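Everything below concerns the one structure shown next.
Protein chains: 2
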Amino acid sequence: MRVIITAGPTYEPLDPVRFLGNRSTGKMGYALAAAFAAAGAQVDLISGPSALPAPAHPAVQLTRVETAAEMYAAAAAGAPAADVWVFAAAVADYRPAHVAAEKIKKAGDTLTLELVKNVDIAATLGHTKRAEQFAVGFALETTNELAHAQEKLHRKNFDLVVLNSLRDAGAGFGHDTNKVSVLDRAGQVVTFELMAKTDLAGELVRLVLVRRAAVITT
Amino acid sequence: MRVIITAGPTYEPLDPVRFLGNRSTGKMGYALAAAFAAAGAQVDLISGPSALPAPAHPAVQLTRVETAAEMYAAAAAGAPAADVWVFAAAVADYRPAHVAAEKIKKAGDTLTLELVKNVDIAATLGHTKRAEQFAVGFALETTNELAHAQEKLHRKNFDLVVLNSLRDAGAGFGHDTNKVSVLDRAGQVVTFELMAKTDLAGELVRLVLVRRAAVITT
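First to last, the sequence lines map onto chains A and B.
If you're matching positions, the first sequence starts at 1 in this note's numbering and goes up one per residue.
If you're matching positions, the second sequence starts at 1001 in this note's numbering and goes up one per residue.
Pasting the structure below:
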């Protein structure tokens, strides 16, 4: 089994020193890479800027990228040959419309930054997904969590979506623990207790393997 | 001797997950904190988000902050009682005018972000500097390096400004080495070779101690 996993944030440069970023650390994606490798999979881990060390398992191949465009290129290259896609990265929705070649000098009291939409990696690859391929997405929502996650699952052609709520203490960005619910296409919801991201990764891998077996045999 | 040092980047939030950041790692500032402590100083290290561990020396007191406003508050509290100020942080010049309480949902193809100027920590404190206090600033320039650094020294009331050029390979953000020139108020320039940031920190501390002794005795 080949698994491709995106992890971490993307950084979208404004100039040589400044960027738009987000608070993803990559912990959940790296834990999933280790858990899939432990389950016998060959793993392509495509990571945005993260302070984490590369997973030690020899079956994990780490590719470091910076921007959403670079992450898309790496994911698009690996996706056709992969059996399972896991989109755990927090990809920037927008990037600065212009990237300055030199450091922007401070000038007026205000500055207007024009942003343009980035490619939606999961949705774009979702259009190319074959029946035997299995896609898992992540959703981080602060309002109407379940409705937004359901919408995301269908629009991006996921088989499962892992819903992270920032409302849960100890869950999400920067924490070593996470508390998630997993939704499937039938609308079924599996809720996990708060647990270490490494333990949750093992649970999610088990769930993916069971659901994928069901998809393949039906 | 009491030394206050700012280090690392600042992160300016757009919403609970996104921020404007920069590529400073804090390495130079943390190395300076360790070098000043080794020289016998009491050090207040005020650090923006950094993956670095707190310096081990017991004379270094670490305060972690996130935004320019928080860094200013911490620096303003410590500056009056400090003999030496070192502004090694890469403070964001601008922050988003509005911080969304909930994660911003992706909507149109473009997004306009209004930014407003942050307080200039070094310049603001510079106005309060007493004759016996000694201030060191850093300048990172990609064009007209010397002229910009000279202008910064006078505007911010620095005694020395350390000029970092992004043009030098192995120097600046993310690297373990750095190559700098140091300018003083008389227009004199001291140029250092490329060296480890930890070694450079020791050289800069020696230079500060010599120059400060000259200022105090004249």
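Yeah, the Cβ is synthetic: ideal placement off N, Cα and C, and Gly gets one too.
Computed from a predicted structure; not experimentally measured.
- Interface annotation, valine 91/A: not in contact with chain B, CB-CB separation never under 8 Å.
- Taking aspartate 1159/B as the centre and dropping the five residues before and after it, the same chain places the C-beta of Phe1134 and Ala1135 closer than 6 Å to its C-beta, in chain order.
- Taken in chain order, the members of the segment 1011-1025 of chain B whose beta-carbon sits within less than 7 Å of a beta-carbon on chain A are Pro1016, Val1017, Arg1018, Phe1019, Leu1020, Gly1021, Asn1022 and Arg1023.
- Listed by position along chain B, the residues whose Cβ is nearer than 7 Å to that of threonine 143/A are Glu1102.
- Residue contact with chain A for valine 1116/B: present (Cβ-Cβ distance below 8 Å to some residue of chain A).
- In the three-state reduction of the DSSP assignment, threonine 1198/B falls in the helix class, which pools H, G and I.
- Under the Cβ criterion (8 Å, minimum of three pairs), the segment 1092-1099 of chain B counts as touching the segment 1008-1015 of chain B.
- Proximity of tyrosine 1094/B to chain A, defined by a Cβ-Cβ separation below 8 Å, is satisfied.
- In chain order, Ala51 make up the part of chain A whose C-beta sits under 9 Å from the C-beta of alanine 1051/B.
- The alpha-carbon separation between glycine 40/A and histidine 57/A amounts to approximately 10 Å.
- In the DSSP annotation of this structure, the continuous segment of the beta strand (DSSP E) that includes tyrosine 94/A starts and ends at 94-96.
- For the segment 97-177 of chain A, the continuous alpha helix (DSSP H) assignments of 4+ residues that do not extend past its boundaries occur at 121-126 and 145-155, in sequence order.
- At least 8 Å separates the beta-carbon of alanine 7/A from that of alanine 37/A.
- Per DSSP, the continuous beta strand (DSSP E) segment holding alanine 1007/B begins and ends at 1002-1007.
- Think of a sphere of 8 Å around the beta carbon of aspartate 109/A: the chain B residues whose beta carbon falls inside it are Val1116 and Lys1117, in chain order.
- Closest by C-alpha distance to leucine 209/A, out of Asp83/A, Ile46/A and Gln61/A, is Asp83/A.
- Per the coordinates, the alpha-carbon of isoleucine 1104/B lies some 27 Å from the alpha-carbon of methionine 195/A.
- Between the segment 1110-1129 of chain B and the segment 69-88 of chain A, the count of Cβ pairs shorter than 8 Å is below three; the stretches do not touch.
- Using a Cβ-Cβ cut-off of 8 Å, threonine 1067/B does not count as an interface residue toward chain A, since no Cβ of chain A sits closer than that to its own.
- Partner residues in the beta bridge of serine 47/A, as assigned by DSSP, are Ala7/A and Arg64/A.
- For leucine 1062/B, the closest of Ile1046/B, Pro1053/B, Ala1051/B and Tyr1072/B by C-alpha to C-alpha distance is Ile1046/B.
- In this structure, valine 1162/B places its C-beta atom within 8 Å of the C-beta atom of leucine 1204/B.
- The straight-line gap separating the alpha-carbon atoms of aspartate 1109/B and aspartate 120/A is approximately 12 Å.
- One thing to note: alanine 81/A has its Cβ no nearer than 8 Å to the Cβ of lysine 197/A.
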